[in-house]
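In full-length UniProt numbering, the protein residues as written are 1 to 230.
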């Protein structure tokens, strides 16, 4: 009985990770290789079918698997109801993610480190405006910068140690996330806050945007250098 309760608590978290990996992977693939959706559509179809089958079998099945001598059973209706709010938020924010990549102009700035950071801040702010999440980028190098970011925390030492290990920090009541990132060799922290619930999925979307901007900046920089050589 205890094993069944533990499984119920863990499955929503595991399923969120499963959805996050799939959606972020698809987003990166379509962004970096936009023509692949038409040239290799069969590969996408196979992956989508596998995703649906695994999701239905593992998460929506009445039976999970036999673990030793105990049969773990899942209340499917309860699981779907528990995840409904989270999935609705995920759908809303994922649509905003795709609208940003598809329709909005992503400005890539050149002129050194400050220009690069300006571009990162801009893309984070654009996405934040579409998702009712407040996003800010803070430097996290000096003691003064760390004290400024963590001023209101009673457990500053714990939070600082988490970020210095390059681990994501999740605040209380799912309303705050700190994402440590390294930009041009310097340490920064993306601060996400919202009146609505924010989870690991949101951290992945914002971190993915930074990675996409970095790739765009790298490619544009290479093209500029090539033109200069010509």
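Glycine included, each C-beta is placed from N, C-alpha and C at the ideal position.
Handout entry: Alpha-carbon spacing of residue 214 relative to residue 142, whole angstroms
Key = As a working note, residue 214 is residue 214 in the chain shown. As a working note, residue 142 is residue 142 in the chain shown. Their backbone Cα atoms lie some 24 Å apart in a straight line.
Handout entry: Minimum length 4: unbroken alpha helix (DSSP H) runs contained in the stretch 89-170
Key = 113-131, 143-149, 156-164
Handout entry: residue 193 - containing beta strand (DSSP E), residue span
Key = Residue numbering aside, residue 193 sits at position 193 when the chain shown is read from its first letter. 186-193 is the extent of the beta strand (DSSP E) around residue 193.
Practice task
Apply the 10 Å Cβ neighbour rule to residue 90 and answer buried if 16 or more other Cβ atoms are within range, or exposed otherwise.
Solution key: Here the question's residue 90 lines up with position 90 in the chain shown. The residue is buried, with at least 16 neighbouring Cβ atoms inside 10 Å.
Problem - Neighbour-count burial assignment, residue 182, 16 or more Cβ in a 10 Å radius - result: Taking the first residue of the chain shown as 1, we reach residue 182 at position 182. So residue 182 ends up on the exposed side.
Exercise for the section: Check whether the Cβ of residue 166 lies closer than 7 Å to any heavy atom of the ligand HEM, and answer yes or no. Expected result: Annotation note on the ligand HEM: not contained in the displayed structure, which lists no ligands.
Problem - Contact under 8 Å by Cβ, residue 208 with residue 96 - result: Position 208 of the chain shown, counted from the first residue, corresponds to residue 208. Position 96 of the chain shown, counted from the first residue, corresponds to residue 96. Not a contact, by the Cβ cut-off of 8 Å.
Exercise for the section: Taking residue 106 and residue 216 to be in contact with their CB atoms under 8 Å, please state how far apart those CB atoms are, rounded to whole angstroms. Expected result: Residue 106 sits at position 106 when you count from the first residue of the chain shown. Residue 216 sits at position 216 when you count from the first residue of the chain shown. Correct: roughly 6 Å between the Cβ atoms.
Practice task
Consult DSSP for residue 65 and reduce its assignment to one of helix, strand or coil.
Solution key: What you label residue 65 is simply residue 65 of the chain shown in a count that begins at 1. Here the model assigns residue 65 a pLDDT of 37, short of 50, so the residue's position is not dependable, and the following value carries that caveat. Here residue 65 sits in strand by DSSP.
Problem - residue 240 burial status per 10 Å Cβ neighbour count (16 or more: buried) - result: The requested residue 240 does not occur in the structure, where the chain is confined to residues 1 to 230.
Practice task
Would you list the residues sitting across from residue 181 in a DSSP beta bridge?
Solution key: Here residue 181 refers to the residue found at position 181 when the chain shown is read from its first residue. Residue 181 pairs with 188.
Exercise for the section: Just mark residue 20 as buried or exposed, buried being the case when its beta carbon has 16 or more other beta carbons within 10 Å. Expected result: Position 20 of the chain shown, counted from the first residue, corresponds to residue 20. By the neighbour-count rule (16 or more Cβ atoms within 10 Å), residue 20 is buried.
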